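Below you'll find the structure, written out as structure tokens, and then a few comments.
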Amino acid sequence: MRPSAIKALYKIILRDARKLVAVPGFRLRETPATEQWGQWVLLPRGHDQRKPSSFAPPDERVRWLRLQKFLSPHGDNVDLVELVRMKFREGAKITFAPALSGRLDEMMWAIEEISHQRLLAESSSVTRTDDVVVEATGQYIPHPFDPSSHRFRYTYRIRVLNDGSVPIKITGRHYIFDHGGKKREILPRHTPQVVGQTPTILPGEIFEYASGVDLENVTGSVRGCLHAIRFDADGQEVPFDAIVAPFSLQPTVMEAMMLQ
């Protein structure tokens with residue numbers, strides 16, 4: 001491949017990396033797994049988030065582990081844009097043909113992975129309510145599509161981090177599902193439990209669960225809150241709402257074209 005073509009690929013990767021890190025609440029994320037729908041997990045303080053989810057299917061485990069291998073030599077707080085620049089500078093020195101081929105494979109993988117991470121970032125929201133951080137991520141689920149049904153299936157993953165010093169308990173939830181402006185579907189306030197649970201989350205722990213929704217439009221959004229109780233040091237139980245900021249439900253460009 002000509003140097004000009006490699007430079008063009010580099011510019012594409014750098015452009016997408018800049019757009020990715022500019023998304024509010026940016027972090028690298030695993031793809032929400034269809035298998036997690038209706039399931040939950042409580043992650044202990046200090047959990048290594050570089051490990052793949054126990055719900056991830058084999059192909060997503062491979063994908064996540066490859067990303068972690070790519071990042072691992074550069075520490076936990078790697079600057080993604082600077083890493084892209086560094087990789088290009090290293091590649092510019094390579095003249096051996098097999099090594100060039102390997103670098104090209106890496107660049108093509110990077111284009112796909114950064115695009116995927118960007119979609120996840122744009123389908124996510126991160127909100128702090130006092131010492132509780134709620135992250136939500138939506139994911140389209142391809143399934144046998146009947147155009148006459150006008151139903152589009154999505155899963156969404158909710159992660160609740162107790163970043164405070166006292167335990168909290170999730171007692172229920174309230175969601176508003178927007179079907180792309182066609183209609184709103186409301187899960188009423190104080191709907192009890194989340195996936196059948198009322199979890200107590202100790203300081204530093206993360207409670208994660210997944211659910212889903214069928215939309216009547218190819219795209220939509222979700223917003224709402226989790227009803228919770230804070231167990232203060234003086235023994236008081238203080239109710240509060242942990243906000244779930246709006247997050248998008250959207251397919252990839254290729255999936256959207258297939259759904260037309």
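Read in the UniProt record's numbering, the sequence shown has 236 at position 236, and its numbers run on one by one without any break. Think of the CB as a built atom: it goes at the ideal place given N, C-alpha and C, for glycine as much as any other residue. All values derive from a computational prediction rather than experimental measurement.
For Pro-57 versus Ala-210, is the C-beta distance shorter than 9 Å? no
Hey, is the segment 220–230 in contact with the segment 167–175, meaning 3+ C-beta pairs nearer than 8 Å? Under the Cβ criterion (8 Å, minimum of three pairs), the segment 220–230 counts as touching the segment 167–175.
Buried or exposed (CB count within 10 angstroms, at least 16 for buried), Ala-254: The question names Ala, yet the displayed sequence has Met at residue 254. So Met-254 ends up on the exposed side.
On the DSSP bridge assignment, give the partners of Phe-177 in chain order. Glu-185, Val-222
Alpha carbon of Val-222 to alpha carbon of Asp-232, nearest angstrom: 30 Å
Which residues does DSSP list as the beta-bridge partners of Asn-77? Answer by DSSP bridge pairing: none, since Asn-77 is not bridged.
For Pro-58, name the three-state secondary structure that DSSP assigns. helix
Is DSSP giving Ala-121 helix, strand or coil here? helix
Bounding residues of the beta strand (DSSP E) (the contiguous stretch that carries Asn-162): 152–162
Quick one: what does DSSP say Gln-49 is sitting in, helix, strand or coil? coil
Neighbourhood of Arg-61 by C-beta distance below 6 Å, restricted to the same chain and skipping five residues each side: Hits under 6 Å: Pro-52.
Could you tell me how far apart the beta carbons of Phe-88 and Tyr-140 are, in whole angstroms, since I believe they sit closer than 8 Å? Approximately 32 Å separates the beta-carbon atoms of Phe-88 and Tyr-140; this is outside 8 Å, ruling out the contact.
Do you know how far the Cα of Glu-237 is from the Cα of Val-126? 25 Å
Any contact between the segment 151–164 and the segment 195–211? By contact I mean 3 or more CB pairs, one from each, below 8 Å. yes
Taking the CB atoms as reference points, tell me whether Val-218 and Glu-185 lie closer together than 9 Å. no
From Gly-235 to Arg-50, what distance separates their C-alpha atoms? 36 Å
Please state whether the Cβ-Cβ distance between Phe-240 and Asp-163 is less than 9 Å. no
Buried or exposed for Ser-54, going by 16 or more other Cβ atoms inside 10 Å? Of the other Cβ atoms in all chains shown, fewer than 16 fall within 10 Å of the Cβ of Ser-54; this residue is therefore exposed.
Assuming contact is defined by CB atoms lying nearer than 9 Å, are Ala-5 and Val-134 in contact in what I supplied? Here Ala-5 is not near Val-134, since their CB atoms are 9 Å or more apart.
Spatial neighbours of Tyr-154 within its chain, please: CB distance less than 7 Å, with the 5 preceding and 5 following residues excluded, ordered by chain position. Gly-138, Gln-139, Tyr-140, Ile-141, Gly-212, Val-213, Leu-215, Leu-249
On the premise that Ile-114 lies in contact with Asp-178, defined as a C-beta separation below 8 Å, what is that separation, rounded to the nearest angstrom? Contact flag wrong, Cβ pair sits at about 28 Å.
Gly-180: which of Gln-193, Phe-152, Leu-119 sits nearest, CA to CA? Phe-152
So for Ala-110, helix, strand or coil by DSSP? helix
Within the same chain, show all residues whose beta-carbon is closer than 8 Å to that of Val-84, passing over the 5 residues directly before and after it, in chain order. Tyr-10, Ile-13, Leu-14, Ala-17, Ala-110
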